[in-house]
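J.:
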Amino acid sequence: MRIASPVCLLLASLLAGCGHVPLTSLPKLAKIDIKTTDLSQLRAGISLPADIRPLPGGVTMTIAALPKDGGRHERKVVLEEVRDATELASLPVLIAPGRHFTLFKLSSADVARLGAFREEMFAGPQQSGNRGSLSLGADKACRLGELSAKPVTMTGYLKTSETQDYVLLMRDFDLTEAVRAIDPKVDLATAIPACEPGIGLTGSRAAP
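The numbering used here puts the first residue of the sequence shown at 82, with every later residue one more than the last.
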């Protein structure tokens with residue numbers, strides 16, 4: 082599944098450009114400051130139908146710096162699945178029957194790497210006019226069986242040091258329509274191939 086562009090989990094100063102974010106989430110998301118947010122606390126949650134699973138390396142985060150003098154600099158990293166039992170047990174109820182919820186975070190190495198990038202791009206009076214953005218993308222998934230006639234939808238959440246809880250980014254975003262928007266000739270069964278036997282599937286929690 083490679084549909085990161087229409088999925089558009091776009092946050093920070095350019096948040097209003099993503100029409101899938103519920104209006105009720107905008108005040109909480111507006112509190113996020115890309116320049117100072119605690120990257121170690123950032124969590125991204127994705128809810129998919131129970132037979133659709135995100136693949137390792139399929140959820141990414143990009144931090145972009147837009148200097149006041151023009152240009153663009155960015156760093157893109159792959160998020161890792163949260164497997165800590167204590168943290169997973171403390172999650173609020175974010176899934177519904179027939180859904181599979183997976184939680185992601187930055188690795189310690191990427192927290193340090195992106196922290197250094199922010200220091201370079203935003204720290205000091207000379208960088209005070211620079212703008213920044215934070216975006217999340219989900220573009221690799223597979224299916225455990227044949228796709229049904231029901232819509233294949235994705236719901237996304239974000240938690241940061243500013244929000245302190247999970248904020249809804251999108252609810253029941255139709256992946257079929259997203260694929261068609263990219264290429265009408267490609268169907269969802271092609272965009273989301275069958276999972277290979279024995280593959281290390283991600284997934285934190287599933288509802289019956």
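Quick reminder that beta carbons are idealized off the backbone N, C-alpha and C, glycines included.
For clarity, every value in this text was computed on a predicted model and none was experimentally measured.
Are the CB atoms of S242 and Q122 nearer to each other than 7 Å?
T.: In the sequence shown, counting from the first residue as 1, residue 242 sits at position 161. In the sequence shown, counting from the first residue as 1, residue 122 sits at position 41. Yes, they are a contact pair.
J.: Find the nearest neighbour of M235 within the set L104, C223, K116 and S128, judged by alpha-carbon distance.
T.: Counting from 1 along the sequence shown, the entry for residue 235 is found at position 154. Among L104, C223, K116 and S128, the Cα nearest to that of M235 belongs to S128.
J.: Measure the Cβ-Cβ separation of R224 and D132 and say whether it is below 7 Å.
T.: As a position in the sequence shown, residue 224 is number 143, starting the count at 1. As a position in the sequence shown, residue 132 is number 51, starting the count at 1. Cβ atoms of R224 and D132: closer than 7 Å.
J.: Is P178 helix, strand or coil by DSSP?
T.: As a working note, residue 178 is residue 97 in the sequence shown. Residue state, collapsed to three classes: coil.
J.: Where DSSP assigns a beta bridge to G237, which residues make up the other side?
T.: On the sequence shown, position 156 is the one that residue 237 refers to. In DSSP, G237 forms a bridge with I127 and M251.
J.: I'd like to check one pair, S188 with E227: are the Cβ atoms closer than 7 Å?
T.: Along the sequence shown, one-based indexing puts residue 227 at 146. Along the sequence shown, one-based indexing puts residue 188 at 107. No. Outside cutoff.
J.: With a threshold of 16 other CB atoms inside 10 Å of the CB of P178, please say whether the residue is buried or exposed.
T.: Locating residue 178 in the sequence shown gives position 97, where the first residue counts as 1. Answer is exposed; the Cβ neighbour count stays below 16.
J.: Tell me whether the stretch 241-261 and the stretch 141-150 touch, counting them as touching only if at least three CB pairs, one residue from each stretch, are closer than 8 Å.
T.: With a cut-off of 8 Å, the stretch 141-150 and the stretch 241-261 do not count as touching, because too few Cβ pairs lie within range.
J.: With a threshold of 6 Å on Cβ separation, who are the neighbours of V140 within its own chain once the five nearest residues in sequence on each side are excluded?
T.: Your numbering for residue 140 matches position 59 in the sequence shown. The residues are L160, F185 and A219.
J.: Distance check for P103 and P274, CA to CA, integer angstroms please.
T.: By 1-based counting over the sequence shown, the position of residue 274 is 193. By 1-based counting over the sequence shown, the position of residue 103 is 22. Rounded to the nearest angstrom, the two C-alpha atoms are 30 Å apart.
J.: Could you compute how far the alpha carbon of G196 sits from the alpha carbon of S214?
T.: Looking up residue 196 in the sequence shown gives position 115. Looking up residue 214 in the sequence shown gives position 133. In a straight line, the C-alpha of G196 is about 14 Å away from that of S214.
J.: Please list the segments of the beta strand (DSSP E) lying wholly inside the stretch 152-199, counting only runs of 3 or more residues, in order along the chain.
T.: As far as the stretch 152-199 is concerned, its whole beta strand (DSSP E) runs of at least 3 residues are 154-159 and 180-186.
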